[in-house]
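**Student:** The opening position of the sequence shown corresponds to residue 83 in the working numbering, with each subsequent residue numbered one higher.
Just so you know, even glycine gets a beta-carbon here, dropped at the ideal spot from N, CA and C.
Take a look at the following structure, please.
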Amino acid sequence: MNLNDLRPLMERRQDGGLSFERFCTDPALAHLQWPDDVLRDFLFDHGDHGPSVDDYADFDLSAITWTLETIPAADFLAMPTGQSEAALIEHIAKNPVHWVAVRPPEIGRHWEAHGTWLRPPLLIDRHLLDPGSSGLQVLEGRTRVGVLRGRHRQQQNVASEHQSWVGRPGRP
Numbered sequence: 083m084n085l086n087d088l089r090p091l092m093e094r095r096q097d098g099g100l101s102f103e104r105f106c107t108d109p110a111l112a113h114l115q116w117p118d119d120v121l122r123d124f125l126f127d128h129g130d131h132g133p134s135v136d137d138y139a140d141f142d143l144s145a146i147t148w149t150l151e152t153i154p155a156a157d158f159l160a161m162p163t164g165q166s167e168a169a170l171i172e173h174i175a176k177n178p179v180h181w182v183a184v185r186p187p188e189i190g191r192h193w194e195a196h197g198t199w200l201r202p203p204l205l206i207d208r209h210l211l212d213p214g215s216s217g218l219q220v221l222e223g224r225t226r227v228g229v230l231r232g233r234h235r236q237q238q239n240v241a242s243e244h245q246s247w248v249g250r251p252g253r254p
């Protein structure tokens with residue numbers, strides 16, 4: 083199953099105001115067994131987002147197992163994202179104060195208190211995209227990773243490790 087296979091579900095979500103709860107129970111998603119955070123951030127919020135579809139349309143969604151992992155901050159400093167929005171993380175990193183200020187206040191308070199994001203971003207093992215590659219790639223959460231990079235460069239509070247959902251090959 084790939085993003086194009088979910089096009090009818092995405093259209094129902096747009097046209098009928100399909101709630102996240104109803105979206106999750108759709109039979110098209112039943113076999114994925116993904117965490118709600120991953121379903122929400124990747125499929126519900128961005129499953130029909132042009133750049134996501136461009137970068138991940140042929141991606142075998144059923145070949146991914148998601149786990150919540152602790153990733154060193156240093157790993158995010160050069161981590162790529164999809165080709166369609168390759169420059170977005172660096173664009174955000176140039177002005178992290180702005181990107182936090184335009185979010186709900188609790189996000190800024192969390193960065194100040196904990197030096198990390200409020201909600202974990204989604205990372206993907208690059209081997210899933212290209213069997214010859216390695217490392218992780220930002221699937222969703224480019225703003226969060228950009229803020230981390232910018233805060234790091236500006237020597238603002240950044241934790242040494244960060245929780246992230248990581249998609250790797252295989253089924254549980």
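Using the Cα positions of residue 246 and residue 125, report the straight-line distance between them to the nearest angstrom.
**Tutor:** Each residue's alpha carbon lies about 17 Å from the other.
**Student:** Between which residues of its own chain and residue 139 is the CB-CB distance below 8 Å, once the five residues before and five after are set aside?
**Tutor:** Hits under 8 Å: 84, 85, 86.
**Student:** Check each candidate in 182, 91, 88, 251 and name the one with the smallest Cα separation from residue 209.
**Tutor:** The option with the nearest alpha carbon to residue 209 is 251.
**Student:** Are the Cβ atoms of residue 205 and residue 153 separated by less than 9 Å?
**Tutor:** In contact: residue 205 and residue 153 (Cβ atoms closer than 9 Å).
**Student:** Return the bridge partner residues of residue 243 from the DSSP annotation.
**Tutor:** 154, per the DSSP bridge assignment.
**Student:** Buried or exposed for residue 120, going by 16 or more other Cβ atoms inside 10 Å?
**Tutor:** Residue 120 is buried by the Cβ-count criterion.
**Student:** Starting from residue 194 and walking both ways along the alpha helix (DSSP H), at which residues does that stretch end?
**Tutor:** Its alpha helix (DSSP H) spans residues 187-196.
**Student:** Given a cut-off of 9 Å, decide if residue 96 and residue 137 are closer than it, judged by their beta-carbon atoms.
**Tutor:** Not a contact, by the Cβ cut-off of 9 Å.
**Student:** If you draw a straight line from the C-alpha of residue 226 to the C-alpha of residue 185, how long is it?
**Tutor:** Looking at the two C-alpha atoms, the distance is approximately 11 Å.
**Student:** Taking residue 202 and residue 220 to be in contact with their CB atoms under 8 Å, please state how far apart those CB atoms are, rounded to whole angstroms.
**Tutor:** Actually they are not in contact, since the Cβ atoms of residue 202 and residue 220 sit about 12 Å apart, beyond 8 Å.
**Student:** Is there a C-beta anywhere in chain C that falls below 9 Å from the one on residue 159?
**Tutor:** As a matter of chain content, chain C is missing from the structure shown, which is built from one protein chain.
**Student:** Taking the Cβ atom as the reference point for each residue, do residue 193 and residue 228 lie within a distance shorter than 9 Å?
**Tutor:** Not a contact, by the Cβ cut-off of 9 Å.
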